[in-house]
Amino acid sequence: MKLTGDEKRIRQLFLEMSLEDQRRAPEFTSVLEAAGLKASRSRKGTRSFWLAAAFATLCVAMLIAAIIGVRHQRLQSPAEPEEQSAAAPAPGAAPLSIVPPLAAQPVRNTPKRVRHRRSPNQLALAMKSLFAWRSPTASLLKSPGEDMLKSLPRLGESLQTIKSLSPERFN
Amino acid sequence: MHTGEASLMETQELIAQLEQHHASSFGWARACCRRDAAEAEEVLQIVYLKVLEGKARFKGTASFKTWLFAVIRRTALDQRRKSLLQLLTMQRVVARRPNAVAPERPDESAYRAEIQDLFRTALARLPKRQSEALQLVFYHDLNIQEAAVVMGVSLGSARTHYERGKKRLRKLLEETEAFYETDWGRKENPATVP
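Taken in order, these protein sequences are the chains called B and V.
Take the first sequence: its position 146, counting from 1, is numbered 146 in our numbering, and each next residue is one higher.
For our numbering, add 1000 to where a residue sits in the second sequence, where the first one is 1.
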């Protein structure tokens, strides 16, 4: 390239600049070594980053599994007493239970809570049946002199009572 | 085994090429890093890593020097972008900027150093593309076509940057008093008796 006067001067200035750069330029080997060190450091950094990431992922997975396990356990635990009460045979006349028997319920695989809403008629019926229910062992609680214990004594009756309870009567 | 030997040869060749162009690469890296020597050295380290690890591959479409300079330019730009994103790096960049504190020199060298400072200041005031075009042509002896490849622009665009850069640099240098005293200034000054 043919240079004009200005261009020659500019080139001269750039030449001086390049001489200064050459003086200040670091050794090639030192730059290469520093590059190697940087590479090994970055590799180590990358490795440790991935290890940390893997550990964090494992921790998160374990936490999620634990949360799911606890929730599953909580959902299952309230169902157990119901199962027991349903499995036990009802003594005497079985009451009309509010909760339908477990066998009648559809088998649920998923631990979902289903809310049964009852109509007012159904509820009244259930309440009535609850009040009408008598225990089958209630008769065992009755004693022969129960009336006497339940009523107040009146004047003139005490003698009769004594007479009726005298041992002669039994003989 | 053969591929291993071949890659070893390639690596050795690459190292030899890099060593051959090391001084000019450093100069170009400085130009790309606003004359910051420390930043330029860091950029060179990254570039050498890229080249030796095969992240930047020389395909032979241009000369090795042209390709290497393009890699240096891109890397310097990336580095600057990264450093701008870091919050505290701003302070470091300011601290690293070449300060005007020059070592004590004899008169002649002091004068030359002053001229160089003024020249660098004028160069820094040029638009980036123009400055790049001038540096590639005058400093690194590339022709405009090669400079265009390094800058990643078309030949016409590179030529425009080069011409405008020359004019503007000349104007900037004429404005400074020191250059007014030199041949350059005297020639342009109508009041001066030749």
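Heads up, the beta-carbon is just placed ideally off N, CA and C, and yes, glycines get one too.
The alpha helix (DSSP H) that contains residue i, what's its start and end?
i, result
"residue 1162/V", "1155-1175"
"residue 44/B", "28-76"
"residue 121/B", "120-132"
"residue 138/B", "Careful: residue 138/B lies outside any alpha helix (DSSP H) and carries neither H nor E."
"residue 1071/V", "1064-1085"
"residue 1023/V", "1022-1032"
"residue 1044/V", "1037-1053"
"residue 14/B", "5-24"
"residue 1141/V", "No alpha helix (DSSP H) holds residue 1141/V; DSSP gives it neither H nor E."
In terms of alpha-carbon separation, which member of the options lies closest to residue i?
i, options, result
"residue 1121/V", "1175/V, 1041/V, 1144/V, 1082/V", "1175/V"
"residue 1076/V", "1132/V, 1168/V, 1138/V, 1117/V", "1132/V"
"residue 20/B", "1073/V, 1139/V, 1013/V, 1070/V", "1139/V"
"residue 1028/V", "60/B, 5/B, 22/B", "22/B"
"residue 1057/V", "1010/V, 1109/V, 1025/V", "1010/V"
"residue 1073/V", "1082/V, 1084/V, 1047/V, 1083/V", "1047/V"
"residue 1012/V", "1053/V, 1085/V, 1039/V, 1069/V", "1053/V"
"residue 1137/V", "1069/V, 1060/V, 1117/V, 1041/V", "1069/V"
"residue 11/B", "1022/V, 1135/V, 1155/V", "1135/V"
"residue 1062/V", "1142/V, 1031/V, 1039/V", "1142/V"
Does residue i come within less than 8 angstroms of chain B when only Cβ atoms are used?
i, result
"residue 1139/V", "yes"
"residue 1199/V", "Any question about residue 1199/V goes unanswered here, given that chain V covers just 1001 to 1194."
"residue 1191/V", "Interpretation of residue 1191/V is limited by its pLDDT of 46, a score under 50 that renders its predicted location unreliable; the figure taken from the coordinates is listed afterwards. Not closer than 8 angstroms to any Cβ of chain B, the Cβ of residue 1191/V fails to qualify, so no."
"residue 1128/V", "no"
"residue 1065/V", "no"
"residue 1102/V", "Since pLDDT at residue 1102/V reaches only 48, below the 50 mark, its modelled position is unreliable, and no value is offered."
"residue 1147/V", "no"
"residue 1027/V", "yes"
"residue 1012/V", "no"
"residue 1119/V", "yes"
"residue 1044/V", "yes"
Does any CB atom of chain V fall closer than 8 angstroms to the CB of residue i?
i, result
"residue 49/B", "no"
"residue 44/B", "no"
"residue 24/B", "yes"
"residue 10/B", "yes"
"residue 62/B", "no"
"residue 40/B", "no"
"residue 14/B", "yes"
Going straight from the alpha carbon of residue i to that of residue j, what length do you get?
i, j, result
"residue 1051/V", "residue 1034/V", "23 angstroms"
"residue 57/B", "residue 46/B", "16 angstroms"
"residue 987/V", "residue 1150/V", "Nothing about residue 987/V can be reported from this structure: the residues present for chain V run from 1001 to 1194 only."
"residue 1079/V", "residue 1110/V", "33 angstroms"
"residue 1129/V", "residue 41/B", "35 angstroms"
"residue 28/B", "residue 1153/V", "30 angstroms"
"residue 1167/V", "residue 13/B", "15 angstroms"
"residue 7/B", "residue 1021/V", "24 angstroms"
"residue 135/B", "residue 146/B", "18 angstroms"
Is the closest heavy atom of the ligand FAD to the C-beta of residue i under 7 angstroms?
i, result
"residue 1127/V", "This structure lacks the ligand FAD, and indeed carries no ligand of any kind."
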